[in-house]
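The sequence shown begins at 1 in the UniProt record's numbering and counts up one residue at a time.
Notes for the one structure printed next.
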Amino acid sequence: MSEKFQVGQIIEGTVTGIKPFGAFVSLDDATQGLVHISHISHGYLENINDAIKVGDTVKVKILSIDAEKGKISLSIKETQEKPKSTSRPNNSRSSNSRPPKKEASPASFEDLMKDFLKVSNDRQADINKRLNR
Numbered sequence: 001m002s003e004k005f006q007v008g009q010i011i012e013g014t015v016t017g018i019k020p021f022g023a024f025v026s027l028d029d030a031t032q033g034l035v036h037i038s039h040i041s042h043g044y045l046e047n048i049n050d051a052i053k054v055g056d057t058v059k060v061k062i063l064s065i066d067a068e069k070g071k072i073s074l075s076i077k078e079t080q081e082k083p084k085s086t087s088r089p090n091n092s093r094s095s096n097s098r099p100p101k102k103e104a105s106p107a108s109f110e111d112l113m114k115d116f117l118k119v120s121n122d123r124q125a126d127i128n129k130r131l132n133r
């Protein structure tokens with residue numbers, strides 16, 4: 001097995017089975033590997049069946065080979081370019097739902113700490129006032 005396949009090698013295979021935890025991919029007539037669900041695509045994938053189907057031809061990268069156990073770990077996402085944006089797509093909302101939150105520009109750590117201290121001090125002052133009554 002290890003003579004024919006190498007870690008880091010990118011090859012085409014055929015999806016032969018799908019389970020909730022990943023997909024089995026046939027690399028040749030005698031060799032199969034597993035693509036864990038976390039290596040199917042970039043980002044979160046709730047249902048593996050949304051991404052691939054049995055019979056699909058996929059490009060995979062060999063992550064590891066355990067010759068003793070006869071297991072090969074594969075990745076589909078490492079053969080694909082990583083998306084540039086990690087933001088969620090805008091979904092149209094019904095009129096009954098809450099409006100989307102406004103995106104705030106990232107604040108510096110110092111600004112965040114100043115805001116935190118102000119809120120904390122205000123809360124402590126309120127507690128002190130209540131205790132002194």
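Ideal Cβ placement from N, Cα and C applies to all residues, glycine included.
If you're wondering where the values come from, they're calculated on a predicted model, not measured in any experiment.
Residue i versus residue j: straight-line alpha-carbon distance, rounded
i           : j           : result
residue 42  : residue 6   : 23 Å
residue 50  : residue 20  : 11 Å
residue 79  : residue 25  : 15 Å
residue 37  : residue 68  : 24 Å
residue 119 : residue 130 : 17 Å
residue 70  : residue 13  : 17 Å
residue 117 : residue 126 : 14 Å
residue 95  : residue 31  : Bear in mind that the predicted position of residue 95 carries a pLDDT of just 46, short of 50, making it unreliable; the figure below should be weighed with that in mind. Cα to Cα, the separation comes out at about 53 Å.
Burial state of residue i, where buried means 16 or more other Cβ atoms lie within 10 Å
i           : result
residue 18  : buried
residue 48  : buried
residue 93  : Here the model assigns residue 93 a pLDDT of 47, short of 50, so the residue's position is not dependable, and the following value carries that caveat. The residue is exposed, with fewer than 16 neighbouring Cβ atoms inside 10 Å.
residue 108 : exposed
residue 64  : exposed
residue 35  : buried
residue 112 : exposed
Of the listed residues the options, nearest to residue i (C-alpha basis)
i          : options      : result
residue 33 : 131, 15, 116 : 15
residue 72 : 44, 84, 22   : 22
residue 27 : 122, 75, 123 : 75
Beta-bridge pairing of residue i - partner residues as DSSP gives them
i          : result
residue 65 : 72
residue 26 : 14, 32
CB contact flag (residue i, residue j, <8 Å)
i          : j          : result
residue 77 : residue 8  : no
residue 82 : residue 10 : no
Interface flag, residue i vs chain D, CB-CB below 8 Å
i          : result
residue 55 : Chain labels in this structure do not include chain D; a single protein chain is all it has.
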